[in-house]
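Participant: When we follow the working numbering, the leftmost residue of the sequence shown carries the number 22, and every step to the right adds one.
Sending over a structure as structure tokens; questions will come in a sec.
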Amino acid sequence: MSSTVIIGTQWGDEGKGRVVDVYAANAAMVVRYQGGDNAGHTVKIGTQSYALHLIPSGIVRQKPSILGNGMVINPKSLLKEIADLEGRGLTVRPHLYISEDAHLIMPYHLALDGASERASGNGKIGTTLKGIGPAYVDKFSRLHGLRLGDLRNAEYFRARLRPIVAEKNALLTQLYQSEVQFDADAIFDEYLGYYAEIGGMICDTAEMVWQAVKRGDEIVFEGANATMLDIDHGTYPYVTCSTPTAGGAAVGVGVGPTKIDRVIGVVKAYTSRVGEGPFPTELKNEIGDHIRELGHEYGTTTGRPRRCGWLDICVLRKAARANGLDYLAVTHLDILDGFAEIPLCVAYEIDGRRVEIFPSALWETERATPIYEMMPGWLTPTNGCRSFTELPPNAQRYLNRVAELTDVPICMITVGNERQQNIVMEHPVSA
Ligand code: IMP
Numbered sequence: 022m023s024s025t026v027i028i029g030t031q032w033g034d035e036g037k038g039r040v041v042d043v044y045a046a047n048a049a050m051v052v053r054y055q056g057g058d059n060a061g062h063t064v065k066i067g068t069q070s071y072a073l074h075l076i077p078s079g080i081v082r083q084k085p086s087i088l089g090n091g092m093v094i095n096p097k098s099l100l101k102e103i104a105d106l107e108g109r110g111l112t113v114r115p116h117l118y119i120s121e122d123a124h125l126i127m128p129y130h131l132a133l134d135g136a137s138e139r140a141s142g143n144g145k146i147g148t149t150l151k152g153i154g155p156a157y158v159d160k161f162s163r164l165h166g167l168r169l170g171d172l173r174n175a176e177y178f179r180a181r182l183r184p185i186v187a188e189k190n191a192l193l194t195q196l197y198q199s200e201v202q203f204d205a206d207a208i209f210d211e212y213l214g215y216y217a218e219i220g221g222m223i224c225d226t227a228e229m230v231w232q233a234v235k236r237g238d239e240i241v242f243e244g245a246n247a248t249m250l251d252i253d254h255g256t257y258p259y260v261t262c263s264t265p266t267a268g269g270a271a272v273g274v275g276v277g278p279t280k281i282d283r284v285i286g287v288v289k290a291y292t293s294r295v296g297e298g299p300f301p302t303e304l305k306n307e308i309g310d311h312i313r314e315l316g317h318e319y320g321t322t323t324g325r326p327r328r329c330g331w332l333d334i335c336v337l338r339k340a341a342r343a344n345g346l347d348y349l350a351v352t353h354l355d356i357l358d359g360f361a362e363i364p365l366c367v368a369y370e371i372d373g374r375r376v377e378i379f380p381s382a383l384w385e386t387e388r389a390t391p392i393y394e395m396m397p398g399w400l401t402p403t404n405g406c407r408s409f410t411e412l413p414p415n416a417q418r419y420l421n422r423v424a425e426l427t428d429v430p431i432c433m434i435t436v437g438n439e440r441q442q443n444i445v446m447e448h449p450v451s452a
């Protein structure tokens, strides 16, 4: 048996879709365990680029693709994603399984996400406006959460929905002075329409995964968002509302933590972030702009330009600790091909102290000055390299130093957007 969790180590957009695609090749199933359509995973094959938001990246390999109980699912977005993928020739519906315990994103969640962000002015989080936060808030409030499985019992669903909608309408008008109002019966009809489309996919996915565990099947658990956006371990309050870190896989799928065999952390060879919040190695200059253009750093989900900066080992040390990382998969190495020198942030200086791990307190991260180690660049294209030893010596040095400083071996490297532009190491590089 071998089950692998693949997670992002930074602030998202590390290229998890690419890495999942490689490990999904031998997997019996790919399982998402948290988040919703705030995620954007891209898999590029030839001229086709598949942008996945809710559906696990394993669908591109036509594998059973499970949306686990820890997710929040907007059925309207799901149906659009299914139609998009089917329009590009993929078979989707027969491969898709949705947990009956996953929570529904409702129209009022999107309205509340927008209203709350607008009301927060400069203090806003910079969310994707997909209703993620309000849906998780309702889940944990217990009184307001609605689950996919609830759609099976129309009368129960209607009875739960009416008082919830009345309360949300009051919240929108009284707290946010919004004119948007919802009609419970119209939402009921809309969601019953969605159920007619996806009802056949809703099942006890935890049992499916459990049976696969017992058979000894290979399973890939696909994390969305990333470690530094984790509700507990990220840059709170500038985080998402779920648990992207590896422990979230057990809870968000319904298998025990003893059934997870290894954790791969995906790390971009530099750093990017969308939305607000601390980012000590951010480059608010022409170098940052240059990296953005080279790396096409614009959000898959929202199209927003991403903030860019150098690689931050303090972030990776935190990710290694929070996830128990076994391996790193380093992506976008080729984006650094043209730099004569590459600064690597090995620690921070905070109020005269040297700090080696990303601090928890917001005000400390805001005062953190990166301490850089200057790595020599390689000024040679890497996109044709297919083994570690084919990489220019300075690129090897850069990767070795990352493995050494994080104490995590590297098992994979990507050197371009195409599916085959990968180096998958039989013997992971450990400095
Ligand atoms: P939310 O998840 O829409 O509530 O957004 C909360 C924060 O997480 C915002 O800064 C978003 O930009 C960020 N975020 C959420 N999902 C992703 C992702 O998949 N990639 C990058 N940033 C994300």
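Quick reminder that beta carbons are idealized off the backbone N, C-alpha and C, glycines included.
Work out the CA separation of residue 300 and residue 44 for me, nearest whole Å.
Facilitator: Counted from its first residue, the sequence shown places residue 44 at position 23. Counted from its first residue, the sequence shown places residue 300 at position 279. In a straight line, the C-alpha of residue 44 is about 30 Å away from that of residue 300.
Participant: Let me confirm a value: residue 173 is counted as buried when at least 16 other C-beta atoms fall within 10 Å, else exposed. Which label applies?
Facilitator: As a working note, residue 173 is residue 152 in the sequence shown. It is exposed - the Cβ of residue 173 has fewer than 16 other Cβ atoms within 10 Å.
Participant: Look up residue 287 in the DSSP assignment and say whether it is helix, strand or coil.
Facilitator: For this step, residue 287 is matched to residue 266 along the sequence shown. Reduced to three states, the DSSP call for residue 287 is strand.
Participant: Roughly how many angstroms separate the alpha carbons of residue 383 and residue 257, rounded to a whole number?
Facilitator: Start at 1 with the first residue of the sequence shown, and residue 383 comes out as number 362. Start at 1 with the first residue of the sequence shown, and residue 257 comes out as number 236. Looking at the two C-alpha atoms, the distance is approximately 7 Å.
Participant: Does the ligand IMP have a heavy atom nearer than 7 Å to the CB of residue 138?
Facilitator: Numbered from its first residue, the sequence shown carries residue 138 at position 117. No, the ligand IMP has no heavy atom inside 7 Å of this Cβ.
Participant: Relative to the ligand IMP, is the shortest distance from any of its heavy atoms to the C-beta of residue 245 smaller than 7 Å?
Facilitator: Indexing the sequence shown from 1 puts residue 245 at position 224. The answer is yes for residue 245.
Participant: Ignore the nearest five residues each way along the sequence and tell me which others in residue 260's own chain have a CB closer than 7 Å to its CB.
Facilitator: The sequence position of residue 260 within the sequence shown is 239, counting from 1. Excluding residues within five positions, the ones whose Cβ falls inside 7 Å are 250, 251, 252.
Participant: The alpha helix (DSSP H) with residue 273 in it runs from where to where?
Facilitator: Within the sequence shown, numbered from 1, the residue matching residue 273 stands at position 252. Counting along the chain, the alpha helix (DSSP H) containing residue 273 begins and ends at 268-274.
Participant: Quick one: grab the DSSP three-state call for residue 122.
Facilitator: The residue labelled residue 122 in the question sits at position 101 within the sequence shown. Of the three classes helix, strand and coil, the one that applies to residue 122 here is coil, per DSSP.
Participant: Suppose contacts are defined by Cβ-Cβ distances below 8 Å. Is residue 463 in contact with residue 438 by that definition?
Facilitator: The structure shown does not extend to residue 463, since the chain spans only 22 to 452, so no value can be given for it.
Participant: Just reading off the alpha helix (DSSP H) that residue 312 is part of, what are its end residues?
Facilitator: Translated into the one-based positions of the sequence shown, residue 312 becomes position 291. Counting along the chain, the alpha helix (DSSP H) containing residue 312 begins and ends at 307-315.
Participant: Identify the continuous alpha helix (DSSP H) that holds residue 130 and give its terminal residues.
Facilitator: By one-based count along the sequence shown, residue 130 stands at place 109. Per DSSP, residue 130 belongs to the alpha helix (DSSP H) from 128-141.
Participant: Counting only runs that start and end within the stretch 74-128, where is the alpha helix (DSSP H) found for 4 or more residues in a row?
Facilitator: 96-108
Participant: Look at residue 116 and residue 96 and say whether their C-beta atoms are less than 8 Å apart.
Facilitator: The count along the sequence shown starts at 1 and reaches residue 116 at position 95. The count along the sequence shown starts at 1 and reaches residue 96 at position 75. Contact flag unset, no.
Participant: Any idea what DSSP makes of residue 242, helix, strand or coil?
Facilitator: The residue labelled residue 242 in the question sits at position 221 within the sequence shown. Residue 242 falls in the strand class under three-state DSSP.
Participant: Please work out which residues of its chain come closer than 6 Å, Cβ to Cβ, to residue 380, disregarding the five sequence neighbours upstream and downstream, and give them in chain order.
Facilitator: Counting from one through the sequence shown, the residue named residue 380 turns up at place 359. Result list for residue 380: 386, in chain order.
Participant: Determine which residues share a DSSP beta bridge with residue 395 and list them.
Facilitator: On the sequence shown, residue 395 is found 374 positions in, with the first residue counted as 1. Within the DSSP secondary-structure output, residue 395 pairs in a beta bridge with 364.
Participant: In the DSSP assignment, what are the bridge partners of residue 441?
Facilitator: Counting from 1 along the sequence shown, the entry for residue 441 is found at position 420. Partner(s): none; residue 441 has no beta bridge.
Participant: Buried or exposed for residue 196, please, with buried defined as at least 16 other CB atoms from any protein chain shown within 10 angstroms of its CB.
Facilitator: Numbered from its first residue, the sequence shown carries residue 196 at position 175. With fewer than 16 other Cβ atoms within 10 Å, it is exposed.
Participant: Can you list, in chain order, the stretches of the beta strand (DSSP E) that have 3 or more residues and sit fully within the stretch 25-74?
Facilitator: 50-53, 62-66, 69-73
Participant: Hey, would you say the C-beta of residue 146 is under 7 Å away from at least one heavy atom of the ligand IMP?
Facilitator: As a position in the sequence shown, residue 146 is number 125, starting the count at 1. Within the cutoff, so yes.
Participant: Answer yes or no: the CB of residue 149 versus the heavy atoms of the ligand IMP, is any distance below 7 Å?
Facilitator: Residue mapping note: residue 149 aligns to position 128 of the sequence shown, counting from 1. Yes.
Participant: Hey, how far is the Cα of residue 263 from the Cα of residue 335?
Facilitator: Working through the sequence shown from its first residue, we reach residue 263 at position 242. Working through the sequence shown from its first residue, we reach residue 335 at position 314. Spanning the two alpha carbons is a distance of roughly 22 Å.
Participant: Could you tell me if the beta carbon of residue 273 falls within a distance shorter than 7 Å of some heavy atom in the ligand IMP?
Facilitator: Start at 1 with the first residue of the sequence shown, and residue 273 comes out as number 252. No.
Participant: For residue 241 versus residue 276, is the C-beta distance shorter than 8 Å?
Facilitator: Counted from its first residue, the sequence shown places residue 241 at position 220. Counted from its first residue, the sequence shown places residue 276 at position 255. Cβ atoms of residue 241 and residue 276: not closer than 8 Å.
Participant: Determine contact between the stretch 265-285 and the stretch 358-375, defined as no fewer than three beta-carbon pairs at a distance below 8 Å.
Facilitator: no
Participant: According to DSSP, residue 259 sits in a beta bridge with which residue or residues?
Facilitator: Within the sequence shown, residue 259 is the residue found at index 238, counting from 1. DSSP output for residue 259 lists no bridge partner at all.
Participant: Measuring only from the beta carbon, is residue 51 closer than 7 Å to any heavy atom that is part of the ligand IMP?
Facilitator: For the purposes of this step, residue 51 is taken as residue 30 along the sequence shown, with counting starting at 1. Every heavy atom of the ligand IMP is 7 Å or more from the Cβ of residue 51, so no.
Participant: Give the secondary structure of residue 411 by DSSP, where H, G and I count as helix, E and B as strand, and everything else as coil.
Facilitator: By 1-based counting over the sequence shown, the position of residue 411 is 390. Three-state DSSP puts residue 411 in a helix.
Participant: Give the DSSP-derived three-state secondary structure of residue 295 in the structure shown.
Facilitator: Stepping through the sequence shown from its first residue, residue 295 is reached at position 274. Of the three classes helix, strand and coil, the one that applies to residue 295 here is coil, per DSSP.
Participant: How about residue 59: is its Cβ closer than 7 Å to a heavy atom in the ligand IMP?
Facilitator: Numbered from 1 along the sequence shown, position 38 holds the residue referred to as residue 59. Yes, the ligand IMP has a heavy atom inside 7 Å of this Cβ.
Participant: Please state whether the Cβ-Cβ distance between residue 229 and residue 118 is less than 8 Å.
Facilitator: One-based indexing of the sequence shown puts residue 229 at position 208. One-based indexing of the sequence shown puts residue 118 at position 97. With contacts defined by Cβ atoms closer than 8 Å, residue 229 and residue 118 form a contacting pair.
Participant: When we look at the beta-carbon of residue 349 and count the other beta-carbons within 10 Å, is it buried (16 or more) or exposed?
Facilitator: What you label residue 349 is simply residue 328 of the sequence shown in a count that begins at 1. Buried, since its Cβ has 16 or more Cβ neighbours within 10 Å.
Participant: Taking the beta strand (DSSP E) that residue 349 falls in, what are its first and last residues?
Facilitator: Taking the sequence shown and counting its residues from 1, the one referred to as residue 349 is at position 328. First-last of the beta strand (DSSP E) with residue 349: 348-352.
Participant: Can you say whether residue 210 is buried or exposed, counting buried as having 16 or more other CB atoms within 10 angstroms of its CB?
Facilitator: Along the sequence shown, read from residue 1 onward, the residue named residue 210 stands at position 189. So residue 210 ends up on the exposed side.
Participant: Which residues does DSSP list as the beta-bridge partners of residue 434?
Facilitator: Taking the sequence shown and counting its residues from 1, one reaches residue 434 at position 413. Looking at the DSSP assignment, residue 434 forms a beta bridge with 351, 444.
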